[in-house]
Amino acid sequence: MCGNFSNRGIVPRYSFGWLALFLLLQGCSKEGTSLPPEQERTGARAAYAHTRAIVSLGPRPPGSAALNNTREYIASQLQVSGWETFSQPFTKSVLPIGKQVTFTNLIARHGGSTESQITVLLGAHIDSKYYPDRRFVGADDAASAVGVILELARRMSNDPEKASRVELVFFDGEEAFGQNISPQDGLYGSKHYAGNWRMSEKKPAAGIILDMVGHRNLSIRYPSDTPPFLEQALLKAARNADAEHRFKKALNPILDDHVPLNNAGIPTLDIIGDFSQFGWWHTEGDNLKRISPESLDISLRVASEILDDLLKE
Ligand SMILES: [Zn+2]
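First residue of the sequence shown: 174, per the numbering used here; consecutive thereafter.
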């Protein structure tokens, strides 16, 4: 198992830490991983509880204690439903701050599955953008996406065969240290992760990235260069969720974590909020008040159906 990961620079994850225990005692996971069956349909509440738990840890830029705590929280939640987690650390020089920074992606697989079994990737970024002068907690950018993935992971664990074909990835360093993501700054985690898949003999058939998927009045604008089969799967799922009007194609490509995966030969969909139209994007207004369970519910239903479709083959 570990040998299988070692060529991709992954080291086994530690088990439950004090933080996970603290959050469990606080009841943060009450709605997260142990919903009674009759409340299955209220999975949005679980996604919301995860979002709230992550936001409560405070700003989580790369290298921060809060980001470590976020990884610990995610790992502890996943372990409850049979996902094994691994950290993937690496160091990069970051031009805007003129320093070396150590980043850590978190990866999860179910039931001891191996790299060659993986057909679908599901990911989100866990860092929040670093601001020295503002308390930026990134509730929708992208704690809410992590919340949705944790709930999807819990559901998937009910079908171990399907879950064994999925790799979850939580990227560090999506955000730029300068103002905006550029080819030189940002996407640190996804570039590193995709670089490892690039060398792999058997690549996953598809990837799904979630980013800013829990804001009130959900408005998603997916990149113009989305692979056609993934666009079709997205629009079908949006129709079935009665939410087609909330999913529009952008006029241009978007620079986000899907780009390094597409470049590595893994067709990847980016379900991303229409950030350029949001006055609260990258401000302190991106807090828990921005998040709505109804929007989380739509994103859960849409992502869940796309996952099912991709795993049918
Ligand atoms: Zn952002």
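All C-beta atoms, glycine included, are put in the ideal place defined by N, C-alpha and C. Note that the coordinates shown come from a computational prediction; the quantities given were computed from them, not determined experimentally.
- Considering only Leu461, Ala315 and Pro232, the residue with the shortest C-alpha distance to Pro305 is Pro232.
- For Gln250, the enclosing alpha helix (DSSP H) stretches over residues Ala238 to Val253.
- DSSP, reduced to helix, strand and coil, places Trp454 outside both helices and strands of the structure shown, so it counts as coil.
- Pairing His365 with Ala378, the inter-Cα distance amounts to about 19 Å.
- Per DSSP, the unbroken beta strand (DSSP E) holding Gln261 starts and ends at Trp256 to Val267.
- DSSP places Ala297 inside the beta strand (DSSP E), whose first and last residues are Val293 to His298.
- Residue range Lys272 to His283 is occupied by the beta strand (DSSP E) that includes His283, with no alpha helix (DSSP H) assigned at that position.
- Between Ser229 and Arg244, the C-beta spacing is not below 9 Å.
- If you draw a straight line from the Cα of Phe402 to the Cα of Asn278, it comes to about 28 Å.
- Taking 8 Å as the cut-off, one finds at least one heavy atom of ligand 1 near enough to the beta carbon of Glu348.
- Taking a C-beta distance under 9 Å as the contact criterion, Ala281 and Ala248 qualify as a contact pair.
- DSSP places Arg371 within a helical segment (H, G or I) once states are collapsed to three.
- Three or more Cβ pairs closer than 8 Å define a contact, and the stretch 408 to 426 meets that threshold against the stretch 388 to 400.
- Look at Ile471 here: in three-state DSSP terms it is helix.
- Below 8 Å, enough C-beta pairs join the stretch 448 to 466 and the stretch 296 to 315 to call them touching: three or more.
- Per the coordinates, the alpha-carbon of Ser289 lies some 14 Å from the alpha-carbon of Lys335.
- Excluding its 5 nearest sequence neighbours in each direction, Asp345 has C-beta neighbours in its own chain below 6 Å: Pro235, Phe276, Thr277, Asn278, Asp300 and Gly362, listed in chain order.
- Within the stretch 329 to 378, the beta strand (DSSP E) runs of at least 3 residues that lie entirely inside it are, in chain order, 339 to 344.
- The three-state secondary structure of Ile227, taken from DSSP, is helix.
- For Trp256 against Leu341, the beta-carbon gap comes to about 7 Å, under 8 Å, which counts as contact.
- Here the alpha carbons of Asn331 and Asp429 stand approximately 31 Å from one another.
- With a threshold of 8 Å, the Cβ atom of Ala315 counts as near ligand 1, since some heavy atom of the ligand is closer than that.
- With distances taken between CA atoms, Gly284 lies nearest to Ala326 out of Gly271, Ile270, Lys272 and Ala326.
- Rounded to the nearest whole angstrom, the CA to CA distance from Arg328 to Leu268 is 41 Å.
- Put simply, of Leu484, Val386, Ala219 and Ile464 the residue whose alpha carbon is nearest the alpha carbon of Leu323 is Ala219.
- Here Asn369 is buried. Its C-beta has 16 or more other C-beta atoms within 10 Å.
- By the CB criterion at 9 Å, Gly446 and Leu391 fall inside the cutoff.
- If you draw a straight line from the Cα of Glu374 to the Cα of Arg463, it is about 42 Å long.
- Per DSSP, His431 has no beta bridge partner at all.
- The nearest non-hydrogen atom of ligand 1 is less than 8 Å from the C-beta of Trp454.
- By DSSP's assignment, Phe420 forms a beta bridge with Ile393.
- The residues Gln273, Val274, Phe276, Gly346, Tyr361 and His365, in chain order, have a CB closer than 8 Å to that of Lys265 in the same chain once the five nearest residues on each side in sequence are set aside.
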